[in-house]
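Asks:
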């Protein structure tokens, strides 16, 4: 097993190798650049510079599944709640817009709500996904969350939706009467 000092030196050398691969006077070797960043991350999984650069490479090449993977690694090493929310939003956007996996986006959006329970943007995004997926139970719970946060005319709209869901899809007539 190599010492931490040895690993740091290996990472430094790999960054130097990346510089050579990117030398404009030579033939660019983008695949080698990505492979080298991957090697750095395998040696130093918390190297933010390598993770950020690898994320940029994947985004530039539209390799969205790999990009999500790198961003998920960043989530693991991030402690700042505000930065976590930014990462989660980006991952959720990638799942919905590029990876086409609303199921995976749901988990990320739910984690966002754990950090920020009153985030209406996330609640409404979940609501839209549950509507498209015809997931009446989760849609109902999402409307309940939304009801706690809205007032006025918006509140009335949410109450009507809750009552309709309870009556027409979930057959909870006793709950519908309460709304």
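Numbering (the numbering used here), first residue to last: 13 to 191. We treat Cβ as the ideally placed atom computed from N, Cα and C, and that holds for glycine.
1) Residue 26 and residue 46 look like a contact to me (Cβ under 8 Å); what is the Cβ gap, rounded to whole Å?
2) Taking the alpha-carbon positions, what's the residue 120 to residue 37 distance?
3) Excluding the five sequence neighbours on either side, which residues of its own chain have a C-beta within less than 6 Å of the C-beta of residue 196, listed in chain order?
4) From this set, 92, 169, 52, 43, which residue's C-alpha is nearest residue 70's C-alpha?
5) Helix, strand or coil: how does DSSP classify residue 146 here?
6) Quick check: residue 174 and residue 167, are their CB atoms within less than 8 Å of each other?
7) Could you work out which residue in 17, 124, 20, 190 is closest to residue 156 when comparing CA atoms only?
8) Cutting at 7 Å between CB atoms, please list the residues of its own chain near residue 142, excluding the five before and the five after it.
9) So, helix, strand or coil for residue 183, using DSSP?
10) Can you tell me where the alpha helix (DSSP H) with residue 54 in it begins and where it stops?
11) Mapping DSSP to helix, strand and coil, what is residue 19?
12) Looking only at its own chain, which residues have a Cβ that is under 8 Å from the Cβ of residue 182, when we skip the five neighbours before and after it?
13) State the Cα-Cα distance for the pair residue 164 and residue 139, rounded to the nearest angstrom.
14) Just to confirm the assignment, what range does the alpha helix (DSSP H) spanning residue 76 have?
15) Taking 8 Å as the cut-off, decide whether the C-beta atoms of residue 172 and residue 162 are in contact.
16) As an exercise, report each continuous alpha helix (DSSP H) stretch of at least 4 residues that is fully enclosed by the segment 111-175, in chain order.
17) Grab the span of the alpha helix (DSSP H) containing residue 107 for me, first residue to last.
Replies: On the basis of the data shown:
1) Not a contact, Cβ separation roughly 12 Å.
2) 43 Å
3) No information on residue 196 is available, as it lies outside the stretch 13 to 191 that the chain covers here.
4) 43
5) coil
6) no
7) 190
8) 150, 151, 154
9) coil
10) 42-55
11) helix
12) 148, 149, 152
13) 20 Å
14) 76-89
15) no
16) 114-127, 132-144, 148-161
17) Unbroken run through residue 107: none, as it is neither H nor E.
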